[in-house]
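265 is the number of the first residue of the sequence shown in our numbering; add one for each residue after it.
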Amino acid sequence: MTDRDECRVPTCTRLARERYAGRFCSKRCDVRYEHLQADARDAAQGDVIRGSARTESHR
Numbered sequence: 265m266t267d268r269d270e271c272r273v274p275t276c277t278r279l280a281r282e283r284y285a286g287r288f289c290s291k292r293c294d295v296r297y298e299h300l301q302a303d304a305r306d307a308a309q310g311d312v313i314r315g316s317a318r319t320e321s322h323r
C-alpha cells in the first residue's frame with residue numbers, strides 16, 4: 265500500500281480538505297486509512313507465516 269499526499273475519498277470536497285490540517289479531509293478519513301494500512305500489514309504478515317509453514321511441511 266502506498267502513502268497518499270491527499271484524501272481521495274470521493275465524498276470529500278476541496279473545502280473540507282483545506283479545513284483539515286492533515287493529509288485527509290477529516291479525522292474519520294485519516295483513521296480509516298490507518299486501519300486499512302494495519303489490515304494490509306496483518307495480511308502480509310499472515311502470508312509470510314503461512315508461507316513458512318508450507319516450506320517446513322515440504323521438508
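All C-beta atoms in this analysis are idealised placements derived from N, C-alpha and C, irrespective of residue type, glycine included. Being a predicted model, the structure only gives us computed values, none of them experimental.
(message) Rounded to the nearest angstrom, what separates D303 and S290 at their Cα positions?
(response) Within the sequence shown, numbered from 1, the residue matching residue 303 stands at position 39. Within the sequence shown, numbered from 1, the residue matching residue 290 stands at position 26. If you take the alpha carbons of D303 and S290, they lie about 20 Å apart.
(message) In whole angstroms, give me the CA-to-CA distance for D311 and R305.
(response) Translated into positions along the sequence shown, residue 311 becomes position 47. Translated into positions along the sequence shown, residue 305 becomes position 41. Spanning the two alpha carbons is a distance of roughly 10 Å.
(message) Between which residues of its own chain and C276 is the CB-CB distance below 6 Å, once the five residues before and five after are set aside?
(response) Taking the first residue of the sequence shown as 1, we reach residue 276 at position 12. The answer, listed in chain order, is C289.
(request) Using three-state DSSP, classify C293 as helix, strand or coil. (result) Position 29 of the sequence shown, counting from 1, holds the residue named residue 293. In this structure, C293 counts as helix in the three-state DSSP scheme.
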